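First residue of the sequence shown: 7, per my numbering; consecutive thereafter.
Glycine residues also receive a C-beta, built at the ideal position from the N, C-alpha and C atoms.
Remember, predicted model here, so these are calculated numbers, not experimental data.
Written out below as structure tokens is the structure these notes cover.
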Amino acid sequence: MPVERCNEGGDASLSGAALFNDFGQPLGRALPEWRGAEFPPHRALHGWGCRLEPLDPERHLGDLWQAFSVDSGAMWTYLTSGPFADEAAMGVWLREVATKRDPQFYGIIDEGSGRALGLASYLRIDPLAGSIEVGWLHFSPAMQQSRLATAAMVLMMANAFALGYRRYEWKCNALNLPSRQAALRLGFHYEGTFRQARVDKGHNRDTAWFSVIDSEWPALKGCFERWLEDGNFDHAGRQRRRLSELTAACRSGAC
């Protein structure tokens, strides 16, 4: 019986091979200095009018319930949690996830108003491999497509690379087009789709995967800083230059 060989990657499948062993087999580049990354301390992060605070259900619940209640319910479609029948039910969930080490939840605070308007977390935290994911993103309507939302994501990405992580992941339901577009806007590379990866709320879920690696971070950091500076926004808060234009250049190696 003939043996089926996988050659879909072509020569690209060897693109990470920096050397070969005594058997002629390709190996990834050597990392003799690698000692792992630091597990993220659960501490506040702030910048560009945004503050990320370790999730505190007693302080954040009221703001979050009010901010999320403005949504018609569509924001919960691709999330594994919610929607919640009332504030008390959401409080039960918040108190449960706030105790976890992984995922590590944060409330997203608008420093202008002092109100919690969203949630985010680190998850799949693997210091030995140097890999960490950002996820459990719950952005209220007041946050969506805002400077605050971008600032929150930049703060989390910057913190991860400062802690020594080599890989920063984003994954989402493959049907969640806004999430896929957000990942690309933030400079993530699309890596592929895991078919039938999960069953969420009684429906099949294919999962789309994205990543940023440490060698890409310095150029992306410059893109974010240019986009977030005050001069990039008019008096009404409208952006003058799109972040997607800046990060697309980074993904193509042109920045």
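- For A91, is the classification buried or exposed, using 16 other Cβ atoms within 10 angstroms of its Cβ as the cut-off for buried? It counts as exposed.
- Message: Less than 9 Å between the beta carbons of G55 and G118, yes or no?
- Response: A distance below 9 Å separates the beta carbons of G55 and G118.
- Identify which residue in E44, R204, F200 and L234 has its Cα closest to the Cα of I131. Nearest Cα to I131 within the set E44, R204, F200 and L234: E44.
- Item | Cβ neighbour criterion (16 or more within 10 Å) applied to V98 | With fewer than 16 other Cβ atoms from the protein chains shown falling within 10 Å of its own Cβ, V98 counts as exposed.
- Message: Would you call the stretch 250 to 258 in contact with the stretch 224 to 242, where contact means no fewer than 3 C-beta pairs closer than 8 Å?
- Response: Yes: at least three Cβ pairs fall under 8 Å.
- Which whole-angstrom value is the C-beta distance of V218 and M163, which I expect to be below 8 Å? About 7 Å separates the Cβ atoms of V218 and M163, confirming a contact at the 8 Å cut-off.
- Task: Determine the direct distance from the alpha carbon of F29 to that of M7, and round the result to whole angstroms.
- Result: Here the model assigns M7 a pLDDT of 43, short of 50, so the residue's position is not dependable, and the following value carries that caveat. Rounded to the nearest angstrom, the two C-alpha atoms are 27 Å apart.
- Taking only the alpha-carbon atoms, compute the straight-line gap between V160 and E39 and give it to the nearest angstrom. Looking at the two C-alpha atoms, the distance is approximately 27 Å.
- Close beta carbons around G198, own chain, < 7 Å, minus the five adjacent residues each side: Only W215 meet the Cβ criterion.
- Could you have a look at K177 and say whether DSSP puts it in helix, strand or coil? In the three-state reduction of the DSSP assignment, K177 falls in the strand class.
- Query: What is the DSSP secondary structure of L25, counted as helix, strand or coil?
  - Reply: Reduced to three states, the DSSP call for L25 is strand.
- Contacts around Q245, its chain only, beta-carbon distance under 7 Å, and the 5 residues preceding and following it disregarded: Around Q245: N238 and F239.
- Message: I'd like to check one pair, M96 with F145: are the Cβ atoms closer than 9 Å?
- Response: Not a contact, by the Cβ cut-off of 9 Å.
- Task: Keeping to the same chain, check which residues put their C-beta closer than 7 Å to that of P63; ignore five residues upstream and five downstream.
- Result: Around P63: G97, L100, R101 and A104.
- Message: I need the straight-line Cα distance from P109 to L61, nearest angstrom please.
- Response: Spanning the two alpha carbons is a distance of roughly 11 Å.
- For V140, the three-state DSSP class (helix, strand or coil): Secondary structure of V140 (DSSP, three-state): strand.
- Message: I'd like the ranges of any beta strand (DSSP E) spanning at least 3 consecutive residues and lying wholly in the stretch 177 to 252.
- Response: Fully enclosed beta strand (DSSP E) runs of no fewer than 3 residues occupy 195 to 206 and 209 to 219 of the stretch 177 to 252, in order along the chain.
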